[in-house]
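Going down the list, the sequences are from chains A and B. First residue of the first sequence: 1, per the numbering used here; consecutive thereafter. First residue of the second sequence: 1, per the numbering used here; consecutive thereafter. Data block below; observations after.
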Amino acid sequence: MLELRLVQGSLLKKVLEAIKDLVNDANFDCSATGFSLQAMDSSHVALVALLLRSEGFEHYRCDRNLSMGMNLNNMSKMLKCAGNDDIITIKADDGSDTVTFMFESPNQDKIADFEMKLMDIDSEHLGIPEAEYQAIVRMPSSEFARICKDLSSIGDTVVISVTKEGVKFSTRGDIGTANVVCRQNTTVDKPEEATVIEMQEPVSLTFALRYMNSFTKATPLSGTVTISLSSDLPIVVEYKIAEMGYIRFYLAPKIED
Amino acid sequence: ACLQRRIFYYFSKD
Chain A
1 MLELRLVQGS LLKKVLEAIK DLVNDANFDC SATGFSLQAM DSSHVALVAL LLRSEGFEHY
61 RCDRNLSMGM NLNNMSKMLK CAGNDDIITI KADDGSDTVT FMFESPNQDK IADFEMKLMD
121 IDSEHLGIPE AEYQAIVRMP SSEFARICKD LSSIGDTVVI SVTKEGVKFS TRGDIGTANV
181 VCRQNTTVDK PEEATVIEMQ EPVSLTFALR YMNSFTKATP LSGTVTISLS SDLPIVVEYK
241 IAEMGYIRFY LAPKIED
Chain B
1 ACLQRRIFYY FSKD
C-alpha cells in the first residue's frame, strides 16, 4: 500500500513539466527515503535524478519499496487536471497495475481521482559516484534559462568556461558568435539573485544546447540553479525543490573527435 | 568535429 499526500501539489505538476520532454517512460521508486526517479533520455546522453523526500509529504505511507513504471506524457496529462492550489495524493495498492492521483481543492469542495495504467519498464539504474567538482556556479535560474535560450538561437553547442574572472557561456554558428560572461555578484537584495562561483581550478567543457534548454524547463521549481563542472565528468544542473529535495540533470560533454 | 559522449562512459550500472 502506498499513499503519498502532497499539500503543495503544484510541485509535482512542475516536476512533470520539467522532465516529460526529456524522458518518455520512467520508473518512480518509492521507499522510506522518498519518492524518486532516475532516467535517461532516449539517446543516453542526459540523465535526470529526482528526489522528493518523505518528510516533505504531509502524509507518507510506503509499506514496501515499490517501483511504478509510468509514461510521463500520460502522467502529465493527468496532473494537468489538478489545480495549482490542489492537494495531490498518489495512491497504489500492492501488486496493482494502476496508480491513482487524487486532487483535492484547498477548501475540500472538489475531489477528483484519476487512475492511470502502469507499465513495465526495463530501465537501467546507474551508479552516480560522489565527486569533487572543479567549479560550482550558483546563479538565478531565470538568468541561466535566458542565456541558454539566447545562445541556442546562434549555435547548437555551448562552451561553459569557469575562470577566476567568472563563468563564460560561448557559442558559434553560421551567423556569428556569442559570449555571455557572468561575474560573481553577491551584493544583491535577495540571496537568490546572487551569482556565486566556487572554483578549485579553471574548467572548460562543451555541451549540446538542446539538452541545456530542456533542463531549464525546471526553472519554475527554484529561483536558483547550481551548475557543477569537472573536466572528466558530466555537468550537473541542479534545481533544489524547497523543503523536499532536488531535480538534477546530468549531461555528458561533447569532446574533440 | 565534436563527439557526443554517452552517460554510460561516466556512470556504471548499479
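Note that CB positions come from ideal geometry on N, CA and C, so glycine has one too.
Residue i vs residue j beta-carbon contact at 9 Å
i               : j               : result
A18 of chain A  : N27 of chain A  : no
A242 of chain A : E198 of chain A : no
L251 of chain A : Y211 of chain A : yes
V99 of chain A  : I88 of chain A  : no
S105 of chain A : D85 of chain A  : yes
S230 of chain A : A131 of chain A : yes
L4 of chain A   : F35 of chain A  : yes
I154 of chain A : G166 of chain A : no
G83 of chain A  : L6 of chain A   : no
Test: residue i CB closer than 9 Å to a CB of chain B
i               : result
M212 of chain A : no
L233 of chain A : yes
P129 of chain A : yes
Contact set between residue i and chain B, taken where Cβ atoms lie within less than 8 Å
i               : result
L126 of chain A : I7, F8, F11, S12, K13 and D14
A276 of chain A : Only positions 1 to 257 of chain A appear in this structure, which leaves residue 276 of chain A out of reach.
A208 of chain A : Q4
M40 of chain A  : I7
Partners in chain B for residue i, counting only beta-carbon separations shorter than 9 Å
i               : result
E256 of chain A : A1, C2 and L3
T33 of chain A  : Simply none; closest approach about 15 Å.
Short CB-CB distance (under 9 Å) between residue i and chain D
i              : result
V45 of chain A : The structure shown contains no chain D; its protein chains are A and B.
- prompt: Can you find at least 3 beta carbon pairs, one from the region 7-24 of chain A and one from the region 46-58 of chain A, that sit closer than 8 Å?
  reply: yes
message: Within 8 Å, do at least three Cβ pairs link the region 174-190 of chain A to the region 224-240 of chain A?
response: no
message: Please list, in chain order, the residues of the region 151-177 of chain A that have any C-beta partner in chain B closer than 8 Å.
response: T157
query: Using 8 Å as the Cβ pair cut-off and three pairs as the minimum, do the region 230-239 of chain A and the region 200-219 of chain A touch?
result: yes
message: Three or more C-beta pairs under 8 Å: does that hold for the region 135-149 of chain A against the region 159-178 of chain A?
response: yes
Segment contact, 8 Å Cβ cut-off, at least three pairs: the region 111-123 of chain A with the region 73-82 of chain A: yes
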